[in-house]
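Residue numbers (this note's numbering): 5 to 301.
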């Protein structure tokens, strides 16, 4: 397993301290000290494998730390706060990821026997021990970086193999449920997408519950189990993260941005922003912008 990890580290060695495309569809890599504000974001569904160092992910009140002995699966879009850490020996953080595409998962599932049973009120994100088979599949995928002409023919097969290995592990039910219509996870996923696309609008829980074909009480239970947040908390995190990006980009002042992301009170916005990010909007954005300028100076 160590030899495979070493090969993966070599293949991903050209990653930068931001999402770095590999040329392979849906596969990206990242290395080094990632700016803190970029780690507080809405994360797409993905499989994330750490090659060097470790990462902490906090969603709601739940926090996971994972390293090269484990991998992370996020099956729905989630607002999260991350932190990356170098290895104890000093090597920079290095990781690779595969963005999940439900259609590809569904096509793979069509070729596999259906498992018995299902999950109830389970989280949409978790960590599991990495296996030799999963690492080997990742190695085959990343070798395509050095043979780009092989990508169109071979990348789909290696992606299916990575997904298959995850399906065999403790996170397999997550992949099955995001690809299968009518499951509780896929129902919650539909409402999550609605909130992401309409986060500036008033949130009506009854309408979301109807969209998910669940009672209001069942919808609340499922939504919080999957996201570690209530629907209202989820919407607030989306609003605050979007507002922060607008402030950093200088696309308005605190008041205009507060109303732009759906708040009816700039005071309430500033209070909730300070509670989530630790500083008032103007001070937080100024701190981040100064850090960006210092990094490129």
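We put the CB at the ideal spot given by N, CA and C, even for glycine.
Legend entry - Backbone CA spacing between residue 276 and residue 8 [nearest angstrom]: For residue 276 and residue 8, the distance between alpha carbons rounds to 45 Å.
Inset, instruction - Would you grab the beta carbon distance between residue 213 and residue 203 for me? Rounded to a whole angstrom, and I think it's under 8 Å. - result: No, residue 213 and residue 203 are not in contact; Cβ-Cβ is about 18 Å, not under 8 Å.
Legend entry - Sufficient close CB pairs (3 or more, under 8 Å) joining the stretch 185 to 196 to the stretch 89 to 102: With a cut-off of 8 Å, the stretch 89 to 102 and the stretch 185 to 196 do not count as touching, because too few Cβ pairs lie within range.
Inset, instruction - Just mark residue 153 as buried or exposed, buried being the case when its beta carbon has 16 or more other beta carbons within 10 Å. - result: So residue 153 counts as exposed.
Legend entry - For residue 221 and residue 124, the rounded distance between their alpha carbons: Residue placement at residue 124 cannot be trusted, given a pLDDT of 43 that sits under 50; the coordinates are not used to answer.
Inset, instruction - May I ask which residues mark the beginning and end of the beta strand (DSSP E) holding residue 267? - result: Under the DSSP assignment, residue 267 falls outside any beta strand (DSSP E); it carries neither an H nor an E label.
Legend entry - Exposure label - residue 55; buried when at least 16 CB within 10 Å: Residue 55 should be labelled buried.
Legend entry - beta strand (DSSP E) segments (min. 3 residues) lying fully within the stretch 87 to 166: Unbroken beta strand (DSSP E) stretches of 3 residues or longer found wholly inside the stretch 87 to 166: 98 to 103 and 129 to 133, given in chain order.
Inset, instruction - Consult DSSP for residue 215 and reduce its assignment to one of helix, strand or coil. - result: In the structure shown, residue 215 falls within a helical segment according to DSSP collapsed to helix, strand and coil.
Inset, instruction - Kindly list the residues whose CB is nearer than 7 Å to the CB of residue 175, restricted to its own chain and excluding five residues on each side of it in sequence; keep chain order. - result: Taken in chain order, the residues that qualify are 77, 130 and 132.
Inset, instruction - May I ask you to report which of helix, strand or coil DSSP gives residue 7? - result: Helix at residue 7.
Legend entry - Residue nearest to residue 66 in terms of C-alpha spacing, selected from 128, 50, 34 and 169: If you compare the alpha carbons of 128, 50, 34 and 169 with that of residue 66, the shortest gap goes to 128.
Inset, instruction - Identify whether residue 23 lies in helix, strand or coil by the three-state DSSP scheme. - result: Residue 23: coil per DSSP, three-state reduction.
Inset, instruction - Determine the contact status of residue 231 and residue 64, defining contact as a CB-CB distance below 8 Å. - result: Between residue 231 and residue 64, the C-beta gap is smaller than 8 Å, which places the two residues in contact.
Legend entry - Strand pairing of residue 35, partner residues [DSSP]: In DSSP, residue 35 forms a bridge with 98.
Legend entry - Coil, strand or helix - residue 203 by DSSP: Residue 203 falls in the coil class under three-state DSSP.
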